[in-house]
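Heads up, the thing below is written out as structure tokens.
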Amino acid sequence: MNYADRLENVAVLGAAGKMGSGIVLLTALEMADLGLDPENKGRTFVLNAVDVSSAALSGLTKYLRSQVLKAAEKKVNALRKAYESREDLVENEDVICQYVDDVLALVRPTTSLEAAAEATLVFEAVNENPDLKVKLLSKIEAGNPKKPWYLTNTSSIPIQELDQKVGLGGRVVGFHFYNPPAVQKLVEVIRAGTTASDLAEFAVQYAKRLRKTVVPSRDVAGFIGNGHFMRDALHGIGEAERLSSEHGFVDAVYMVNKVTQEFLIRPMGIFQLVDYVGLDVCQFILKVMNDRLPNTVLHSPLLDRLIAAGVKGGQYADGSQKDGFLKYEKGRPTGVLDPESGAYVPAGEAAARSDPKLGPPPASAKPWKAVVGAPDRPALLEAYFRDLRAAKTMGAELAVHYGRVSKAIGLGLVQDGVAASEEDVNTVLLTGFYHAYGPVNPYFD
Amino acid sequence: MTKLRRRVFMTAGYNTVSLGTGRKEFNPKKPRPGLEEYIKEAGQGTLKQVGGGKNVDEGVIANFMAARFNKQGNLAAFIPSVDEALRWKPCVRVEGACGSGGLGLMTGVKSVLAETAEVVLAVGVEVQNTVKAIYGADILAGAGWFRGERKKGHAYFFPAAFSDRAGAYFGRYGRERTRKAFARWYRNAVENARLCETAQEFHNACPDLEALALAEPNPKSFVDHLNVYDCSKVSDGAAAIAIVSEEGLERAGIPKAGAVEVVGWGQVEADLTAPPADPTRLETSARAVEKALAMAGITAAELGTVECHDCFTISGVLSVEAIGLAKPGEGPDYILSGATARTGALPFNTNGGLIGWGHPTGGTGVRQAVTVWEQLTGRAGKWQVETSSQRPYGLSVNMGGNDKTVVALVYRRAE
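What follows is the structure in structure tokens.
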């Protein structure tokens, strides 16, 4: 079975979710392009988009239509060539509309898992819950005579564990997109010891055709991405708890979030990132890692308490941010949670109390967006962090300490063999988390 | 000069802003003025100078593709919306792709000569930012031969047509020097536009324009031989001018010194279904200019300023040759010598041309006439250039499609 054969009948599980919808989009575009290749003339490509929620599936179709349209507009040159033999398609608009129709025609939204019975490739992107994943894959295995290959978008569960529990005999590989899959460049490919080598090769080929940056990770719970992020987040939560005895919880969360964003020049503060991912998702991932990694405690009682109180973060169906540690208006944090009352304190109040204590960032500070866009980024960072190290403010000291811990986490991943190199760790943070610099750097030494 | 049955003048010109990317006030996500507002602004700008609509006998409106960009036909009936006094007067809409404006001017000139009008209001307008560029390319491709060319044409049909001309020119005369001339052309265009508040590139602050313009073309995302700096932009805008007889000037109370006299023209049409015989020449433009100069009884050496149709930098190079200022293959040397710059021997496109001022397609021909009028009557303000008494003439060349519909006009300050 060659690459195109393998993609002739695909099922995506959790197709209408945050990750699933992006995976459906990218895979459907790839399948449509294969369908337009003269070599594949006459073949029918089918993508079964399986999700439990019928309402979410209609949202998926709308999302696909708008995104495929954008993709088609971008590659109209190639599409004009692909549809060269179609005399009826003359203008760009004709070609673009036909392509949108062709892509949408191969996607079959369904709530029925049986749709995966003919699939030769199954992409799993359901909740980060090991039992659910095992249950669904087992059901498909029982009803599908084609011995399909499985790609799992798990961000933390060891692939070998899924392989053994479902009994796949090596027909599974980790293929971890970052959120949102259509935008983020990174894919972590995780090959279990048992993964079939032709499947591993397929995964890399598929990622490259999607123009993704591939970083291999060893099959250790959390992989590189969450291996770093979860420890980084736990450190942030720990710092806030430590500071809260003197400054109160609200101000402590405000301070750590501000230091991790503005002083460390990251795209989001650590609490905003936890909210973005979802407190509940973080809890799931931490549990998966904690249960599987010996000699380490990856657990936050604070997270458990907040989730029990209904504070979850994550996004609404329209993509807007739900409240978590922070409150959001139009995507921007405007308040900080007071866990005692359950109310959000206006961010301005926390700022008025905390900013004078933190002190200003060094004068050479620039916002993250300006730094990632600057042609002389390394020199800029070098100069800024030199100033940061020299500054004697509370904010600067917190930031330098945070940077050192972040580096130690990165080095730990290399030491434990989760990442093959420091460069791989840095690539994951640069391309999966949009950081302006990798955690393994000399800036905080 | 060929003796006409009566003298024809142009006066009271007005240009709106050329709105599109590059202008600070342009925001593709916010509502913008439409055809109605542009026609009204430009039309009233001219009427104010001629004493109102009551002094106008006829109206002409030039536009290329409002039927697709704006879903609007019957444009002649917008003219009475400019001024109540224009109601019940004869009006006509003309179309010749990007040469529409030139056709509009000629229509007015002929009305004056036919003695059906003493004062004609000519308005040119296009509002193109209503669609994304990729769909705008479909609409503009209507200036080519749809049934014969569109299917095998490029997504960006016209940039590709002129990229092919550039490729042929590179092949025959050399690439490097020609691309340097393209970059100089871009720099001159933007530097001139920076002096004119209505120009689309008025806010352009790039410190090294030639270096920018030398970016290698990217055939994968655009076309083979041109980059985006080689192209005029997508523009919304309008221009208006009054075309008048001597009686018309008197009626409007405008002294001759406030007008230019039209002393020659060439209006030439090529076959839309026939490809250019030689892609390195603008043959139709050359014929139009030859006729216009002959009618005026002058040579190109007597021109003091030129408005040429630089929809692309390659069209600028080919225009220099079509006007007869350089031999085939020597246009780049002429441009690189500085001759076309505002301080050169023959300043071209003194407020930016299509690349610098902007290119609201159907309005461009009228805008060129306004620019020449402003320049020759000393109304150009910061972008005024010195003209010697040895070279009192202005020339405008307006081209529709791939050198298919061309109008060249020769003017001089009226006496």
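Going down the list, the sequences are from chains Y and F.
Here the first sequence is numbered in this note's numbering, starting from 1 and rising by one per residue.
Here the second sequence is numbered in this note's numbering, starting from 1001 and rising by one per residue.
We put the CB at the ideal spot given by N, CA and C, even for glycine.
- Bridge pairing for F/Leu1019: F/Asp1236 [DSSP].
- Y/Phe284 and Y/Lys312 have their C-alpha atoms some 12 Å from each other.
- As for any beta strand (DSSP E) of minimum length 3 sitting wholly inside the segment 327-388 of chain Y, the runs are 332-338, 343-346, ordered along the chain.
- When Cβ-Cβ separations below 8 Å define contact, Y/Arg80 makes contact with chain F.
- Residues of the segment 298-331 of chain Y that bring their beta carbon within less than 9 Å of a beta carbon in chain F are absent altogether.
- When the beta-carbon positions are compared, F/Val1082 and F/Val1366 stay at least 8 Å from each other.
- Within the segment 121-158 of chain Y, the complete alpha helix (DSSP H) runs of at least 4 residues fall at 130-143.
- Residue range 225-247 is occupied by the alpha helix (DSSP H) that includes Y/Asn226.
- CA-CA distance, Y/Arg211 to Y/Val187, rounds to 10 Å.
- When the Cα atoms are used, F/Ser1337 and F/Ala1181 turn out to be separated by approximately 9 Å.
- The continuous alpha helix (DSSP H) containing Y/Ser54 extends over residues 54-74.
- Closer than 8 Å to the CB of F/Lys1327 there is not a single CB belonging to chain Y.
- As computed with DSSP, Y/Asn48 is found in a beta bridge with Y/Ala11, Y/Arg108.
- Straight-line spacing of the CA atoms in Y/Leu64 and Y/Leu137 works out to 25 Å.
- Shown here, F/Asn1188 sits in a helix according to DSSP, grouped into three states.
- Among the residues of the segment 92-114 of chain Y, those with a Cβ less than 9 Å away from any Cβ of chain F are Asn92, Glu93, Asp94, Val95, Ile96, in the order of the chain.
- For Y/Cys282, the enclosing alpha helix (DSSP H) starts and ends at 279-292.
- If you keep only unbroken alpha helix (DSSP H) runs of at least 4 residues inside the segment 1331-1406 of chain F, you get 1331-1336, 1353-1356, 1364-1376.
- Scanning chain F for C-beta atoms nearer than 9 Å to the C-beta of Y/Asn179 yields nothing, as the closest lies near 25 Å away.
- In chain order, Glu91, Asn92, Glu93 make up the part of chain Y whose C-beta sits under 7 Å from the C-beta of F/Asp1138.
- F/Lys1132 belongs to the set of residues whose beta carbon lies under 8 Å from a beta carbon in chain Y.
- Residue-level contact by beta carbon fails for Y/Val68 and chain F, as no gap is shorter than 8 Å.
- Around the Cβ of Y/Gly22, a 10 Å sphere holds 16 or more other Cβ atoms; the residue is buried.
- When rounded, the separation of the alpha-carbon atoms in Y/Pro362 and Y/Gly348 is 21 Å.
- Checking the DSSP bridge columns, you'll see Y/Thr213 partnered with Y/Leu186.
- Listed along chain F are Ile1134, Ala1155, each with a C-beta nearer than 7 Å to that of Y/Val76.
- At least 8 Å separates the beta-carbon of Y/Asp376 from that of Y/Gly324.
- For Y/Ala28, the enclosing alpha helix (DSSP H) stretches over residues 18-36.
- Cβ neighbours of Y/Phe223 within its own chain (closer than 8 Å, five residues either side excluded): Ser155, Ser156, Gly174, His176, Glu188, Ile190, Ser217, Val418.
- Cβ neighbours of Y/Lys74 within its own chain (closer than 6 Å, five residues either side excluded): none.
- According to the DSSP assignment, F/Arg1172 belongs to the alpha helix (DSSP H) that extends over 1157-1173.
- Here the alpha carbon of F/Cys1098 sits roughly 24 Å from the alpha carbon of F/Met1295.
- Excluding sequence positions up to five before and after F/Arg1179, its CB lies within less than 7 Å of the CB of Leu1214, all in the same chain and listed in chain order.
- Per DSSP, the unbroken alpha helix (DSSP H) holding Y/His401 starts and ends at 394-415.
- Just so you know, the alpha carbons of F/Met1001 and F/Leu1293 end up roughly 9 Å apart.
- The closest CA to that of Y/Arg404, considering only Y/Tyr384, Y/Ser354, Y/Lys139, Y/Phe444, is found on Y/Phe444.
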